[in-house]
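In the numbering used here, the protein residues as written are 890 to 1487. Written out below as structure tokens is the structure these notes cover.
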Ligand code: GCB
């Protein structure tokens, strides 16, 4: 799927702004053939939850309506007009002039529909019905129940099976983009590099409707440097500039579509030339062993919730670079197109994660139970997420396949990998991702503490062992010497089990209230957070095939309330407003002293 752009053959109309909004009252359903009757408005793109002062709207589980009008200028009406949503969380039914024209389920990937046949002259009415409901068939996973009162009124309830607030709404930009009637429909780019000569071979496969396609490769200054051979789809670039972490270099594949010699459509796809490979316990980028330094993140900001917030994205990357970090994971769902494009330009390395979070039915740290070889908590019969999982693997790879910043796919976060049935569930998904990714990037899933070396039933599938561990927080609370011992023992066990698999940490952290200090280094203090990270660093530095540290979390973030959450999760090393806690200083010094390549 190509990102909407404007050029001499295409244009983009922006439908962001303030839309009409209404919470569905199921006793009095909305009549979509008529304009939405409401006095409430919501900004788009953004979550609706923190824009309201009405707790009943903020916490409502169910259906919501958004509406706005739009018109298409005469000059564009003979173009192909495509309506595109960057994401609607979690499910959307889209109506134009009261008629449903598309539906999409899955809250973190784009979808689009051709509008031409649905338009009327003059003003058109665009209505979107949104659901924030989650259950055991969706990703992420929610625990769903409903109650019906004596009058037949249904109350729906979703209990998030994950640790972030279930923000919902039209989260990413809504655009109408035009293409000519004959158009370029997709571009797939696969770079390879001969490291002895410095020559890159780039395969560019463009598809189009009714066009003859040619592709030129331009360098960052816009100069043509190679032409793609129409039969082999290959271009050769001698002395190629590589896309490097922290030092991005982007080429452009300039695709031109002609009919009888006349240029009809054009598209510029930016791309980086870099290779990624896992070999002998190392994670190689451009044939050199890379060390991940960075974060698990969230798309989470004040007021916008999970809605696109480009200023925060820019700030976050600047803060990362200032700290000497080089990477993050899109925990726990695919992030916006805009963030991925920014990371390509900034040289930030990304582990791209699906929204498969919450695939577990119990969580009790009973480590003895899970190590039984026949341990089965029923997760893999209760979960009916396979179809959603397959769909999102298709969508994330289709959207992000050309991004130089993406070096690995994470198929899931913290599933019940210790329960019988895990291998059977995951093996076909890994196979699907391997088959779909044209760049054949490494794959992982992120495993939690119960999925220890003795208990995990599917770690043979991953290329990199990505571990989330909270020794010194949920276990060994406040006891860093014990945490150190347990951490070391577990890492040694993984190393022994898989001497050739790189190991990295994708989460470790301690809740820390900014401004709380303790002369005794007690939990929740800024001192404890710093000591916690020092302890982990010490053990990481002892491990031979350890390829990276991504801590939890970049910034404090909103969650549902609970006895362990005071206005959210406080494991950020920055506050939600991006003010640094004490640990930032320690980690900055450490990361500036660890080279990206070792
Ligand atoms: C985890 C989850 C993450 C939570 C974190 C925590 O293991 O992957 O979503 O926020 O722990 O802080 O408990």
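Heads up, the beta-carbon is just placed ideally off N, CA and C, and yes, glycines get one too.
heavy atom of ligand 1 below 7 Å from residue 1449 C-beta: Reading the chain shown from its first residue, position 560 is the one you call residue 1449. Answer for residue 1449: no, Cβ out of range of ligand 1.
Three-state secondary structure (DSSP) of residue 1046: As a working mapping, residue 1046 is identified with position 157 in the chain shown. Three-state result, residue 1046: strand.
Contact set for residue 959: own chain, Cβ-Cβ below 8 Å, skip 5 residues either direction: On the chain shown, residue 959 is found 70 positions in, with the first residue counted as 1. These residues qualify, in order along the chain: 902, 904, 1012, 1013, 1015, 1065.
Beta carbon of residue 865 nearer than 8 Å to that of residue 1166: Nothing in the structure corresponds to residue 865, since the chain is present only between 890 and 1487.
Proximity of residue 1446 and residue 1465 at Cβ, strictly below 8 Å: The residue given as residue 1446 occupies position 557 in the chain shown. The residue given as residue 1465 occupies position 576 in the chain shown. Cβ atoms of residue 1446 and residue 1465: closer than 8 Å.
Contact between the segment 1256–1268 and the segment 1195–1207 (3+ Cβ pairs under 8 Å): no
When 1399, 1427, 1467 are compared against residue 1454, the one with the closest alpha-carbon: In the chain shown, the residue the question calls residue 1454 occupies position 565. Out of 1399, 1427, 1467, 1399 has the C-alpha closest to the C-alpha of residue 1454.
N- and C-terminal bounds of the beta strand (DSSP E) containing residue 1489: This structure does not reach residue 1489, given that the chain is present from 890 up to 1487, and the question cannot be answered.
6 Å Cβ shell around residue 971 - same chain, five flanking residues per side excluded: Position 82 of the chain shown holds residue 971. Around residue 971: 1001, 1003, 1066.
Start-to-end residues for the alpha helix (DSSP H) that takes in residue 1375: Working through the chain shown from its first residue, we reach residue 1375 at position 486. Looking at the DSSP string, the run of the alpha helix (DSSP H) that includes residue 1375 is 1369–1386.
Any non-hydrogen atom of ligand 1 within 7 Å of residue 1050 CB: By one-based count along the chain shown, residue 1050 stands at place 161. Checking every heavy atom of ligand 1 against the Cβ of residue 1050, none is found closer than 7 Å.
Beta-carbon proximity of residue 1073 to residue 1291, cut-off 8 Å: Here the question's residue 1073 lines up with position 184 in the chain shown. Here the question's residue 1291 lines up with position 402 in the chain shown. Cβ distance not < 8 Å, so residue 1073 and residue 1291 don't count as in contact.
Three-state class that DSSP yields for residue 984 in the structure shown: On the chain shown, position 95 is the one that residue 984 refers to. Here residue 984 sits in strand by DSSP.
Closest by C-alpha distance to residue 1098, when choosing among 969, 934, 975, 928: Numbered from its first residue, the chain shown carries residue 1098 at position 209. Comparing Cα positions, the closest option is 969.
Paired residues, beta bridge with residue 1140 - DSSP: Taking the chain shown and counting its residues from 1, one reaches residue 1140 at position 251. DSSP, once it has assigned bridges, lists 1160 as partnering residue 1140.
Cβ neighbour criterion (16 or more within 10 Å) applied to residue 1062: Residue numbering aside, residue 1062 sits at position 173 when the chain shown is read from its first letter. So residue 1062 ends up on the buried side.
Exposure label - residue 1225; buried when at least 16 CB within 10 Å: For this step, residue 1225 is matched to residue 336 along the chain shown. That one is buried.
The segment 1320–1334 touching the segment 1357–1373, judged by at least three CB pairs closer than 8 Å: no
Beta strand (DSSP E) runs contained entirely in the segment 1175–1201, provided each spans 3 or more residues: 1181–1185
Extent of the continuous beta strand (DSSP E) run through residue 908: Your numbering for residue 908 matches position 19 in the chain shown. First-last of the beta strand (DSSP E) with residue 908: 906–912.
Rounded C-alpha distance that separates residue 1215 from residue 1187: Locating residue 1215 in the chain shown gives position 326, counting from the first residue. Locating residue 1187 in the chain shown gives position 298, counting from the first residue. Distance between the alpha carbons of residue 1215 and residue 1187 is about 16 Å.
Inter-residue spacing [alpha-carbon to alpha-carbon] between residue 988 and residue 921: To locate residue 988, count along the chain shown from 1; it is residue 99. To locate residue 921, count along the chain shown from 1; it is residue 32. About 8 Å.
heavy atom of ligand 1 below 7 Å from residue 1357 C-beta: Locating residue 1357 in the chain shown gives position 468, where the first residue counts as 1. Yes, Cβ of residue 1357 sits closer than 7 Å to a heavy atom of ligand 1.
At least three beta-carbon pairs within less than 8 Å, the segment 1425–1437 to the segment 1041–1059: no
Local Cβ density within 10 Å of residue 1358, reported as buried at 16 or more and exposed below that: On the chain shown, residue 1358 is found 469 positions in, with the first residue counted as 1. By the neighbour-count rule (16 or more Cβ atoms within 10 Å), residue 1358 is buried.
Closer than 7 Å: residue 1337 CB and nearest ligand 1 heavy atom: The residue you call residue 1337 lines up with position 448 of the chain shown. It does: the Cβ of residue 1337 is within 7 Å (strictly closer) of some heavy atom of ligand 1.
Residue 1419 versus residue 1005: straight-line alpha-carbon distance, rounded: As a working mapping, residue 1419 is identified with position 530 in the chain shown. As a working mapping, residue 1005 is identified with position 116 in the chain shown. Near 57 Å, if we compare the C-alpha coordinates of residue 1005 and residue 1419.
Status (buried if at least 16 other CB within 10 Å, exposed otherwise) for residue 1478: Residue numbering aside, residue 1478 sits at position 589 when the chain shown is read from its first letter. Exposed: under 16 other Cβ atoms inside 10 Å.
Integer-rounded CB distance, given that residue 1246 should sit under 8 Å from residue 1303: Position 414 of the chain shown holds residue 1303. Position 357 of the chain shown holds residue 1246. The pair is a contact, with the Cβ atoms about 7 Å apart (cut-off 8 Å).
Residues of its chain near residue 1511, where Cβ-Cβ distance is below 6 Å and the 5 sequence neighbours each way are ignored: Missing from the structure shown is residue 1511; the chain here goes from 890 to 1487 and no further.
N-terminal and C-terminal residue of the alpha helix (DSSP H) that residue 1470 is part of: As a working note, residue 1470 is residue 581 in the chain shown. Residue 1470 -> no alpha helix (DSSP H), and no H or E assigned at all.
Rounded Cβ spacing between residue 1223 and residue 998 (contact assumed at less than 8 Å): To locate residue 1223, count along the chain shown from 1; it is residue 334. To locate residue 998, count along the chain shown from 1; it is residue 109. Contact flag correct, Cβ pair sits at about 6 Å.
Contact under 8 Å by Cβ, residue 1329 with residue 1402: Translated into positions along the chain shown, residue 1329 becomes position 440. Translated into positions along the chain shown, residue 1402 becomes position 513. No, Cβ-Cβ distance for residue 1329 and residue 1402 is not below 8 Å.
Beta bridge counterpart(s) of residue 899 as assigned by DSSP: Looking up residue 899 in the chain shown gives position 10. Note: residue 899 sits in a beta bridge opposite 896.
Near ligand 1: residue 1060 beta-carbon under 7 Å from a heavy atom: By 1-based counting over the chain shown, the position of residue 1060 is 171. Outside the cutoff, so no.
Option in 949, 906, 1244 with minimal Cα separation from residue 915: Counting from one through the chain shown, the residue named residue 915 turns up at place 26. The residue with the shortest Cα to Cα distance from residue 915 is 949.
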